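S.K.:
Protein chains: 2
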Amino acid sequence: MSKEGIYVSEAVIRRLPKYYRYLDDLEKVGIERVSSKELSRRMGLTASQIRQDFNCFGGFGQQGYGYNVSELKKELIKILGLDKRYNLIVIGAGNMGQALANYVAFEKEGFYIRALFDINPKLIGMTIRDIKIYDLDYLEEYIKMNPTDIAVITTPRQEAQAIADRLVTSGIKGIWNFAAVDIEVPQDVVVENAHISDSLFTLSFKTREDIKLI
Amino acid sequence: MSKEGIYVSEAVIRRLPKYYRYLDDLEKVGIERVSSKELSRRMGLTASQIRQDFNCFGGFGQQGYGYNVSELKKELIKILGLDKRYNLIVIGAGNMGQALANYVAFEKEGFYIRALFDINPKLIGMTIRDIKIYDLDYLEEYIKMNPTDIAVITTPRQEAQAIADRLVTSGIKGIWNFAAVDIEVPQDVVVENAHISDSLFTLSFKTREDIKLI
Numbered sequence: 007m008s009k010e011g012i013y014v015s016e017a018v019i020r021r022l023p024k025y026y027r028y029l030d031d032l033e034k035v036g037i038e039r040v041s042s043k044e045l046s047r048r049m050g051l052t053a054s055q056i057r058q059d060f061n062c063f064g065g066f067g068q069q070g071y072g073y074n075v076s077e078l079k080k081e082l083i084k085i086l087g088l089d090k091r092y093n094l095i096v097i098g099a100g101n102m103g104q105a106l107a108n109y110v111a112f113e114k115e116g117f118y119i120r121a122l123f124d125i126n127p128k129l130i131g132m133t134i135r136d137i138k139i140y141d142l143d144y145l146e147e148y149i150k151m152n153p154t155d156i157a158v159i160t161t162p163r164q165e166a167q168a169i170a171d172r173l174v175t176s177g178i179k180g181i182w183n184f185a186a187v188d189i190e191v192p193q194d195v196v197v198e199n200a201h202i203s204d205s206l207f208t209l210s211f212k213t214r215e216d217i218k219l220i
Numbered sequence: 007m008s009k010e011g012i013y014v015s016e017a018v019i020r021r022l023p024k025y026y027r028y029l030d031d032l033e034k035v036g037i038e039r040v041s042s043k044e045l046s047r048r049m050g051l052t053a054s055q056i057r058q059d060f061n062c063f064g065g066f067g068q069q070g071y072g073y074n075v076s077e078l079k080k081e082l083i084k085i086l087g088l089d090k091r092y093n094l095i096v097i098g099a100g101n102m103g104q105a106l107a108n109y110v111a112f113e114k115e116g117f118y119i120r121a122l123f124d125i126n127p128k129l130i131g132m133t134i135r136d137i138k139i140y141d142l143d144y145l146e147e148y149i150k151m152n153p154t155d156i157a158v159i160t161t162p163r164q165e166a167q168a169i170a171d172r173l174v175t176s177g178i179k180g181i182w183n184f185a186a187v188d189i190e191v192p193q194d195v196v197v198e199n200a201h202i203s204d205s206l207f208t209l210s211f212k213t214r215e216d217i218k219l220i
């Protein structure tokens, strides 16, 4: 990988977690090598597209013999940064915030939720699996004292932009946004949307019998 | 709209919920008309792309005067099918299943979770906001007795394909999949993935300083 940076398209980025999941599945059932043909079938891509994807990262695997599953998985772990630890905080300790805090599987991948924040006095002071719910007023001070990689917004949509502004001012560079609104941030801040109601609307739309996908 | 069906691309479908949210926001703050220029700015599209999107559905609004917010919103409600009621069931009454069942906002849009299913004896028989958690063994019989539009899978990934197979056999045509695995279904069944851990991995990847988006 060059020191100047890795140039990669949004489409490739979206496929990386999927590669990782497949390789993890293969490894779990004891498969050591996967042919580029089988990998393409499972990914729904051509072998040449897969080669191009991997070339963004310097390329790996031997085409003729297929790919070594464990080695390729290790490479993807490195690429995705899943060999590191991330400190997360969650703004909004409602249903979604609590579900995320309870979801231990993220920790296996290195993502640790360290604190929740809310404005509801009934929630402030409570803990979820030892993770404390703080008063939202304490947000800036908390971030100053505790290095935080990613902030998760699970507030009502009307609050989301104001929260994002406070996070950006506090120096947060990664925001995972569950609020059903598109927040605006400076260019050096990454926002990843998990708009789950959009996903539901899309599904109900596609189940309409008169809709034909082109 | 023609009786033969509406031909629409995946990209347009993905934008529909976003249009709907923006118009809803505008309506809430009392804005009656929106220029195509302002709509494009907020959607991050050109005015011509927006016109093309709307043309899939017969086109609406008067270009010169902009769009009437309430009328356009009403059209989008019809297109997205948000003027109808949908019966949902959730397979897996863990953190995510419970969070979804507690999330009342879906009901405002016409999506009603009617039942949850689990294999955990501690959960079976419990209710969440009057929504009962049933034994997974009862799944097929429940669907036979209760018209169900959408089934939500929130089980561990290893169980997801088997559950999907049972849902398909029971005649379910829409599956909302939260399990971190790509399930396979026949062509006449629609699957919408909400792979939230993929979304988190993508975010952490993008926060890497050496990554340049092309």
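Chains as they are written, first to last, in this note's numbering: chain A, 7 to 220; chain B, 7 to 220. From the three backbone atoms N, C-alpha and C, an ideal C-beta is built for every residue, glycine too. Keep in mind that this is a model prediction, so the values were computed, not measured.
#1: Can you tell me whether DSSP reads PHE112(B) as helix, strand or coil?
#2: Taking 7 Å as the limit between beta carbons, can you name the residues of its chain near ILE220(A), skipping five residues before and five after?
#3: Helix, strand or coil for ASN199(A)? Go by DSSP, reduced to three states.
#4: To the nearest angstrom, how far is the alpha carbon of THR154(B) from that of LEU29(B)?
#5: Hey, how far is the Cα of TYR118(A) from the Cα of ASN74(B)?
#6: Pick out whichever of GLN193(B), ASP124(B), LEU209(B) and ASP204(B) has its Cα sitting closest to the Cα of THR213(A).
#7: Taking CB distances under 8 Å as the criterion, tell me whether TYR148(B) reaches chain A.
#8: Between the region 80 to 96 of chain A and the region 151 to 165 of chain A, can you find at least three pairs of beta-carbon atoms closer than 8 Å?
#9: Along the chain, where does the beta strand (DSSP E) that runs through ARG120(A) open and close?
#10: Does DSSP put ALA170(B) in a helix, a strand or coil?
#11: Does SER46(B) come within less than 8 Å of chain A when only Cβ atoms are used?
#12: With DSSP as the reference, label ASP141(B) as helix, strand or coil.
#13: Might you give, ordered along the chain, the residues of its own chain that have their beta carbon closer than 7 Å to the beta carbon of GLU33(A), omitting 5 neighbours on each side?
#14: Closer than 8 Å by C-beta to ARG39(A): which residues in its own chain qualify, once you throw out the five before and the five after it? Chain order, please.
#15: If ILE159(A) sits next to ALA168(A), beta carbons under 8 Å apart, how far is it from one beta carbon to the other, in whole angstroms?
#16: Along chain A, in chain order, which residues have C-beta atoms closer than 7 Å to that of ARG214(B)?
#17: With burial defined as no fewer than 16 other Cβ atoms inside 10 Å of the residue's Cβ, what is the status of LYS84(A): buried or exposed?
#18: Report, in whole angstroms, the separation of the C-beta atoms of TYR13(B) and LEU86(B), which I expect to be a contact under 8 Å.
#19: What residues from chain A crowd round ASN74(B), counting only those whose CB sits closer than 8 Å?
#20: Flag ARG91(B) as yes if its beta-carbon sits less than 8 Å from any beta-carbon of chain A, otherwise no.
#21: Under the three-state reduction of DSSP, which class applies to SER8(A): helix, strand or coil?
#22: Determine which residues share a DSSP beta bridge with TYR92(B) and list them.
#23: Could you round the C-beta distance between SER203(A) and ALA186(A) to whole angstroms and report it? I think they count as a contact, below 8 Å.
#24: TYR109(A) to ALA200(B), Cα distance in whole Å?
#25: With distances taken Cα to Cα, identify the nearest neighbour of ILE97(B) among ASP188(B), ILE130(B), ASP89(B) and GLU81(B).
#26: For LEU142(A), which option in ILE134(A), ASP124(A), MET132(A) and THR133(A) has the closest C-alpha, if you only look at C-alpha atoms?
#27: With 8 Å as the threshold, decide whether the Cβ of SER41(B) is near any Cβ in chain A.
#28: Within 8 Å (strictly less), CB to CB, does MET151(B) reach chain A?
#29: When DSSP labels each residue in this structure, what does THR208(A) get in the three-state scheme?
#30: Quick one: residues in its chain with C-beta nearer than 8 Å to the C-beta of PHE66(A), no 5 flanking neighbours on either side, listed in chain order?
#31: Considering just the uninterrupted stretch of the beta strand (DSSP E) at ASN61(A), what are its terminal residues?
#32: Run through chain B and tell me which residues come within less than 8 Å of TYR118(A), C-beta to C-beta.
#33: Name, please, each residue of chain A whose Cβ falls closer than 9 Å to the Cβ of ARG27(B).
#34: Quick one: is LEU208(B) near chain A, going by C-beta distance under 8 Å?
#35: Return no unless some Cβ of chain A is closer than 8 Å to the Cβ of PHE63(B).
M.R.: Straight from the coordinates:
#1: Taking the first residue of the second sequence as position 1, residue 112(B) is located at position 106. DSSP places PHE112(B) in helix when its eight states are reduced to three.
#2: Indexing the first sequence from 1 puts residue 220(A) at position 214. Cβ neighbours of ILE220(A) beyond the five flanking positions: none.
#3: To locate residue 199(A), count along the first sequence from 1; it is residue 193. Reduced to three states, the DSSP call for ASN199(A) is strand.
#4: In the second sequence, the residue the question calls residue 154(B) occupies position 148. In the second sequence, the residue the question calls residue 29(B) occupies position 23. C-alpha separation (whole angstroms): 30 Å.
#5: Working through the first sequence from its first residue, we reach residue 118(A) at position 112. Working through the second sequence from its first residue, we reach residue 74(B) at position 68. So the two alpha carbons sit approximately 46 Å from each other.
#6: As a first step, residue 213(A) must be located in the first sequence, where it is residue number 207. Cα-wise, what sits closest to THR213(A) is GLN193(B).
#7: Along the second sequence, one-based indexing puts residue 148(B) at 142. By this cut-off, TYR148(B) is not an interface position.
#8: Contact between the region 151 to 165 of chain A and the region 80 to 96 of chain A is present, because at least three Cβ pairs lie under 8 Å.
#9: Translated into positions along the first sequence, residue 120(A) becomes position 114. That run of the beta strand (DSSP E) goes 117 to 124.
#10: Your numbering for residue 170(B) matches position 164 in the second sequence. Here ALA170(B) sits in helix by DSSP.
#11: Taking the first residue of the second sequence as position 1, residue 46(B) is located at position 40. With a threshold of 8 Å between beta carbons, SER46(B) makes no contact with chain A.
#12: Locating residue 141(B) in the second sequence gives position 135, where the first residue counts as 1. Note: ASP141(B) maps to strand in three-state DSSP.
#13: Walking along the first sequence from the start, residue 33(A) turns up at place 27. Here the set comprises VAL75, SER76 and LYS79.
#14: Locating residue 39(A) in the first sequence gives position 33, counting from the first residue. Taken in chain order, the residues that qualify are TYR71, GLY72, TYR73, ASN74 and VAL75.
#15: Along the first sequence, one-based indexing puts residue 159(A) at 153. Along the first sequence, one-based indexing puts residue 168(A) at 162. Incorrect: roughly 10 Å between the Cβ atoms, too far for contact.
#16: Counting from one through the second sequence, the residue named residue 214(B) turns up at place 208. GLY87, listed in chain order.
#17: In the first sequence, residue 84(A) corresponds to position 78, counting from 1. So LYS84(A) counts as exposed.
#18: Your numbering for residue 13(B) matches position 7 in the second sequence. Your numbering for residue 86(B) matches position 80 in the second sequence. Going by Cβ atoms, the distance from TYR13(B) to LEU86(B) rounds to 17 Å, so no, they are not a contact pair.
#19: Here residue 74(B) refers to the residue found at position 68 when the second sequence is read from its first residue. Ordered by position in chain A, no residue passes the 8 Å Cβ test against ASN74(B), which lies about 22 Å from the chain.
#20: Residue numbering aside, residue 91(B) sits at position 85 when the second sequence is read from its first letter. It does not; no Cβ of chain A falls within 8 Å.
#21: On the first sequence, position 2 is the one that residue 8(A) refers to. Any reading at SER8(A) must be qualified, since the residue scores a pLDDT of 45, below 50, and its modelled position is unreliable; the value itself is stated next. In this structure, SER8(A) counts as coil in the three-state DSSP scheme.
#22: In the second sequence, residue 92(B) corresponds to position 86, counting from 1. Note: TYR92(B) sits in a beta bridge opposite PHE117(B).
#23: By one-based count along the first sequence, residue 203(A) stands at place 197. By one-based count along the first sequence, residue 186(A) stands at place 180. About 5 Å; that satisfies the 8 Å criterion.
#24: Along the first sequence, one-based indexing puts residue 109(A) at 103. Along the second sequence, one-based indexing puts residue 200(B) at 194. Just so you know, the alpha carbons of TYR109(A) and ALA200(B) end up roughly 15 Å apart.
#25: Taking the first residue of the second sequence as 1, we reach residue 97(B) at position 91. Closest option to ILE97(B), Cα to Cα, is ILE130(B).
#26: The sequence position of residue 142(A) within the first sequence is 136, counting from 1. Of all alpha-carbon atoms in ILE134(A), ASP124(A), MET132(A) and THR133(A), the one lying nearest the alpha-carbon of LEU142(A) is that of ASP124(A).
#27: Along the second sequence, read from residue 1 onward, the residue named residue 41(B) stands at position 35. Chain A, which has no Cβ nearer than 8 Å to the Cβ of SER41(B), makes this no.
#28: Counted from its first residue, the second sequence places residue 151(B) at position 145. At a cut-off of 8 Å between beta-carbon atoms, MET151(B) makes no contact with chain A.
#29: Residue numbering aside, residue 208(A) sits at position 202 when the first sequence is read from its first letter. THR208(A) falls in the helix class under three-state DSSP.
#30: As a position in the first sequence, residue 66(A) is number 60, starting the count at 1. Cβ neighbours of PHE66(A) beyond the five flanking positions: PHE60, TYR73, GLU77, LEU78 and GLU81.
#31: Residue numbering aside, residue 61(A) sits at position 55 when the first sequence is read from its first letter. Where ASN61(A) is concerned, there is no enclosing beta strand (DSSP E), although the alpha helix (DSSP H) it sits in stretches over 53 to 61.
#32: In the first sequence, residue 118(A) corresponds to position 112, counting from 1. By Cβ distance, chain B contributes nothing, its closest Cβ being about 12 Å from TYR118(A), past 8 Å.
#33: Here the question's residue 27(B) lines up with position 21 in the second sequence. In chain order: ARG163, ALA186, VAL187, ASP188, HIS201, SER203 and ASP204.
#34: As a working note, residue 208(B) is residue 202 in the second sequence. This sequence places Thr at residue 208(B); Leu is not what is there. Closer than 8 Å: yes.
#35: Mapped onto the second sequence, residue 63(B) falls at position 57. Chain A contact via Cβ: absent.
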